[in-house]
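Enquirer: Residue numbering for the sequence shown follows the working numbering, starting at 80 and increasing by one per position. I have a structure I would like to understand better, so I am pasting it below and will then ask my questions one at a time.
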Amino acid sequence: MFPVTPQRFIAFTVCQFIAFIGVLTAAALFYQTTAHDDDKNPSRVHPIRVLCYSNTAFYRHPEIPTINRWLVLEGDQRKIQIDVTEHAKDLTPAALENYDVLLFNNANQLAEVIPSSERKSIENWFKSGKSIVALHATLVKQQDWPWLMNLGGCDFDSDSDFMKAKILVDPAAKNHPTVKGFGNQFWYSADWTNHTRSVTGLDGVQVLLRVDEQSYDPVREYFRQRDGKPMGADHPIAWTREIQGGRFFYTELGHDLRSLDTEFGKQHLFEGIKWAAAKPKKISTAIPSEIKSVTPDSETSLATKKNDDEFLPNQNRLPTPPPKDAVVLFNGTDTVRFVSMTGEKIDWPIKNQTLVSSKGKRRTNHIVSTFHFRDADIHAEFMLPKQGPGNSGLYIHGNYEMQIFNSAGKKKVGANDIGALYGFAPPLVNAARPPETWQVYDIRYRAPLRDSDRQITKSGSITAWLNGQLVQKGTLFTEPRSSYHPFRHGVTEFLRKIDAQKQKTMIGPLFIQDHDNPVRFRNIWVRPLDRHYLTYPSQKKQNGP
């Protein structure tokens, strides 16, 4: 992304001059290819209008003028009008009102070149339902414009050389028009940027593409000498975000024209512009008419459970008595509120009023609650065996696992240890107790939301306490990552029906994982935080809430 010599600022004024010539060329070409044709054919219209802004205050990519020209010509072929500017006066409210999308072509450190009044007008314009598309170095040195940096979700750390790398399509995005038709993975050449953080799980973010860092050298020599860091296994390179009323699309492509002027590059960028120009979809949270909600007998404390920062469960006393408005899933005497993965009676034994995980007749033998919920507090007490890792877990909605594992005494814990949101985030502290002692989880779960196309439009979150210590604090997540969760591994027809319902409503059950370890459970209950819950499959009202 940046040159390796200190002379980059000496060449800056030359680049500015090249940019000026490029802007004039782009404007002239646009006039020739659109204005004259429109005079001959007044019925021809450009339904999407884009303003491309490409001024910079930091390192200026030499191909900015070339990309500007290319954008004008390619856009015209697709009936997308793209005007080019480097003047802040074109960013006033009156000027922006003429456009659907503001495209930043490698426009970095914008607080230095766009006055605060115009930056504010961009923010208000975006919140009115408009959109921003950002290429490559747009997410570089935007700290002095916190709104834009927060919208993008990250800043710049380092980059690679122009290299071929393996690209991974996020499974939830496989039908998104920006990536559709290129399979689950493919090879592509570009300059790959390392960001200061991953945007996975941020509110309103849908990751489209990730790059496999094992397939190329992620940090070139210039940045290795300056402590540049790769991002690791989770390295998003393109994503969308719907937030604050507007739409945002970012792609790492665009360091130069080589990464854009290809079959994939053209589809990726211009379908991204079309997606951005469309109206943001409304989030559907309604329960379909064929599903009947369970009306709680008591609304006790529903109104006081909204602030997750005040989620402070008392874990000093075990077993913890369930609150009056909780739905008890296991009380030590029967298992009527659980079914097997095939919808039948479970075969986990009850020993001394505890439920013992067992592989039974199935290699994968998780149990599934008949009470389904959307947002809820979840309580479970468990004991690990003396022998073995004691591997188990609470699969919330069958997708997101709060790990149960013997991690007692470990100095460093990771995303596979107890207290972790498996595959997403390690615990904040190691709160593990030794095997053969009772341990307790209290979890506040906020389900992600999906639109009518079943795309996640709002991230879910988890705050969790383990044995009196906070192990997850507002951890965000979107699509599940584990290949072993119950809707991907050992799937049955019964689970397919549950998954279809859950995809529509974001209402689902609690699974307890069997992993060949005789983990004991007791005092399991769920406390709904809203009215979106039901019994399944009978849909009959249960005793209590």
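No residue lacks a Cβ here, since even glycine has one placed at the ideal position from N, Cα and C. A quick note: this is a predicted structure, and the numbers were derived from the prediction, not measured.
1. With respect to the alpha helix (DSSP H) encompassing K308, which residues constitute its N-terminal and C-terminal limits?
2. Taking the alpha helix (DSSP H) that K489 falls in, what are its first and last residues?
3. Below 8 angstroms between beta carbons: does that hold for Q264 and L247?
4. Could you pull the start and end residues of the alpha helix (DSSP H) that N431 belongs to?
5. Sorted by chain position, which residues of the same chain lie with C-beta nearer than 8 angstroms to K345's C-beta, five sequence neighbours on each side aside?
6. Just curious, the alpha helix (DSSP H) that M228 is in, first and last residue?
7. What do you reckon, are the CB atoms on F328 and Y267 nearer than 8 angstroms?
8. May I have the straight-line CA-CA distance separating T279 from F556, to the nearest angstrom?
9. Is the Cβ-Cβ distance between G498 and Q482 less than 8 angstroms?
10. Quick one, which of F600, H347, R157 and E572 has its alpha-carbon nearest L397's?
11. Pairs of beta-carbons, one from the segment 307-315 and one from the segment 235-245, closer than 8 angstroms: are there three or more?
12. For S436 and G422, what's the separation of their Cα atoms in angstroms?
13. With burial defined as no fewer than 16 other Cβ atoms inside 10 Å of the residue's Cβ, what is the status of P297: buried or exposed?
14. Assign P121 to one of three DSSP states: helix, strand, or coil.
15. Among the residues of its own chain, which have a CB less than 6 angstroms from the CB of D521, if the five just before and after it don't count?
16. If contact is defined by three or more beta carbon pairs under 8 angstroms, each pair taking one atom from either stretch, is the segment 185-192 in contact with the segment 211-219?
17. Classify Y612 as helix, strand or coil using the three-state DSSP reduction.
18. Our contact map puts V212 next to G324 with C-beta atoms below 8 angstroms; I'd like the distance itself, whole angstroms only.
19. If you pair each beta-carbon of the segment 581-591 with each one of the segment 522-534, do three or more pairs fall below 8 angstroms?
20. Going by C-alpha distance, which of Y138, C131, R157 and V163 is nearest E191?
21. Three Cβ pairs or more, each shorter than 8 angstroms: is that satisfied between the segment 503-513 and the segment 534-549?
22. Where does S372 fall in DSSP's three states?
23. With a threshold of 8 angstroms, are at least 3 pairs of Cβ atoms found where one atom belongs to the segment 466-479 and the other to the segment 587-605?
24. Assuming the contact rule is C-beta atoms closer than 8 angstroms, T614 and M420 should be a hit. Round their C-beta distance to whole Å, please.
25. Quick check: T257 and H334, are their CB atoms within less than 8 angstroms of each other?
26. Quick one, are the C-beta atoms of E480 and S562 less than 8 angstroms apart?
27. In angstroms with no decimal places, state the Cα-to-Cα distance between D609 and A405.
28. Rounded to whole angstroms, how far is the Cβ of L175 from the Cβ of I201, which I believe are closer than 8 angstroms?
29. Throw me the rounded Cβ distance for the F409 and I603 pair, which I believe falls under 8 angstroms.
30. Can the beta-carbon of E197 be found closer than 8 angstroms to that of L227?
31. Can you give me the C-alpha to C-alpha distance between I577 and K168, rounded to a whole angstrom?
32. By DSSP, does Q582 sit in helix, in strand, or in coil?
33. Does the distance from the CB of H314 to the CB of V290 come in under 8 angstroms?
34. Under the DSSP definition of a beta bridge, which residues are partnered with K245?
35. If we count the other Cβ atoms within 10 Å of its Cβ and call it buried at 16 or more, is V180 buried or exposed?
36. DSSP puts M462 in a beta bridge; with which residues?
Expert: Quick answer:
1. For the purposes of this step, residue 308 is identified with residue 229 of the sequence shown, where counting begins at 1. Taken as a continuous stretch (DSSP letters only), K308 belongs to no alpha helix (DSSP H), as it is neither H nor E.
2. Taking the first residue of the sequence shown as position 1, residue 489 is located at position 410. Note, K489: premise wrong, no alpha helix (DSSP H); not H, not E.
3. For the purposes of this step, residue 264 is taken as the residue at position 185 of the sequence shown. For the purposes of this step, residue 247 is taken as the residue at position 168 of the sequence shown. In contact: Q264 and L247 (Cβ atoms closer than 8 angstroms).
4. Mapped onto the sequence shown, residue 431 falls at position 352. Where N431 is concerned, there is no enclosing alpha helix (DSSP H), given that its DSSP letter is neither H nor E.
5. Working through the sequence shown from its first residue, we reach residue 345 at position 266. Cβ neighbours of K345 beyond the five flanking positions: E153 and L339.
6. Walking along the sequence shown from the start, residue 228 turns up at place 149. Per DSSP, M228 belongs to the alpha helix (DSSP H) from P225 to G231.
7. As a first step, residue 328 is located in the sequence shown; it is residue number 249 there, counting from the start. As a first step, residue 267 is located in the sequence shown; it is residue number 188 there, counting from the start. No, they are not a contact pair.
8. Taking the sequence shown and counting its residues from 1, one reaches residue 279 at position 200. Taking the sequence shown and counting its residues from 1, one reaches residue 556 at position 477. About 7 angstroms.
9. Taking the sequence shown and counting its residues from 1, the one referred to as residue 498 is at position 419. Taking the sequence shown and counting its residues from 1, the one referred to as residue 482 is at position 403. Yes; because the gap between Cβ atoms is below 8 angstroms, this pair is in contact.
10. In the sequence shown, residue 397 corresponds to position 318, counting from 1. For the residues F600, H347, R157 and E572, the minimum Cα distance to L397 belongs to F600.
11. yes
12. Reading the sequence shown from its first residue, position 357 is the one you call residue 436. Reading the sequence shown from its first residue, position 343 is the one you call residue 422. Computed Cα separation, rounded: 17 angstroms.
13. Residue 297 sits at position 218 when you count from the first residue of the sequence shown. P297 is buried by the Cβ-count criterion.
14. On the sequence shown, position 42 is the one that residue 121 refers to. A caution first: P121 carries a pLDDT of 38, below 50, which makes its placement in the model unreliable, though a value can still be read off. Coil, per DSSP.
15. The count along the sequence shown starts at 1 and reaches residue 521 at position 442. The answer, listed in chain order, is P392, H458 and W544.
16. yes
17. On the sequence shown, residue 612 is found 533 positions in, with the first residue counted as 1. Reduced to three states, the DSSP call for Y612 is strand.
18. Against the sequence shown, residue 212 aligns to sequence position 133. Against the sequence shown, residue 324 aligns to sequence position 245. Not a contact, Cβ separation roughly 16 angstroms.
19. yes
20. Locating residue 191 in the sequence shown gives position 112, counting from the first residue. The residue with the shortest Cα to Cα distance from E191 is Y138.
21. yes
22. For this step, residue 372 is matched to residue 293 along the sequence shown. In this prediction, S372 has a pLDDT of 37, which is less than 50 and means its spatial position is unreliable; what the coordinates show is noted afterwards. Coil at S372, not helix or strand.
23. yes
24. Counting from one through the sequence shown, the residue named residue 614 turns up at place 535. Counting from one through the sequence shown, the residue named residue 420 turns up at place 341. That pair is no contact at about 18 angstroms.
25. The count along the sequence shown starts at 1 and reaches residue 257 at position 178. The count along the sequence shown starts at 1 and reaches residue 334 at position 255. Taking 8 angstroms as the Cβ cut-off, T257 and H334 do not qualify as a contacting pair.
26. Reading the sequence shown from its first residue, position 401 is the one you call residue 480. Reading the sequence shown from its first residue, position 483 is the one you call residue 562. Not in contact: E480 and S562 (Cβ atoms no closer than 8 angstroms).
27. Residue numbering aside, residue 609 sits at position 530 when the sequence shown is read from its first letter. Residue numbering aside, residue 405 sits at position 326 when the sequence shown is read from its first letter. Cα-Cα distance, rounded: 12 angstroms.
28. In the sequence shown, counting from the first residue as 1, residue 175 sits at position 96. In the sequence shown, counting from the first residue as 1, residue 201 sits at position 122. Sure, about 7 angstroms apart at Cβ, within 8 angstroms.
29. For this step, residue 409 is matched to residue 330 along the sequence shown. For this step, residue 603 is matched to residue 524 along the sequence shown. Indeed they touch by this definition, with Cβ atoms about 4 angstroms apart.
30. Position 118 of the sequence shown holds residue 197. Position 148 of the sequence shown holds residue 227. In this structure, L227 does not lie closer than 8 angstroms to E197 by Cβ.
31. As a working note, residue 577 is residue 498 in the sequence shown. As a working note, residue 168 is residue 89 in the sequence shown. Using only the alpha carbons, I get a separation of about 54 angstroms.
32. For the purposes of this step, residue 582 is taken as residue 503 along the sequence shown, with counting starting at 1. Residue state, collapsed to three classes: helix.
33. Walking along the sequence shown from the start, residue 314 turns up at place 235. Walking along the sequence shown from the start, residue 290 turns up at place 211. Cβ atoms of H314 and V290: closer than 8 angstroms.
34. One-based indexing of the sequence shown puts residue 245 at position 166. BP columns for K245 point to W266.
35. Indexing the sequence shown from 1 puts residue 180 at position 101. Flag for V180 reads buried.
36. The residue given as residue 462 occupies position 383 in the sequence shown. M462 is bridged to W517 and R599.
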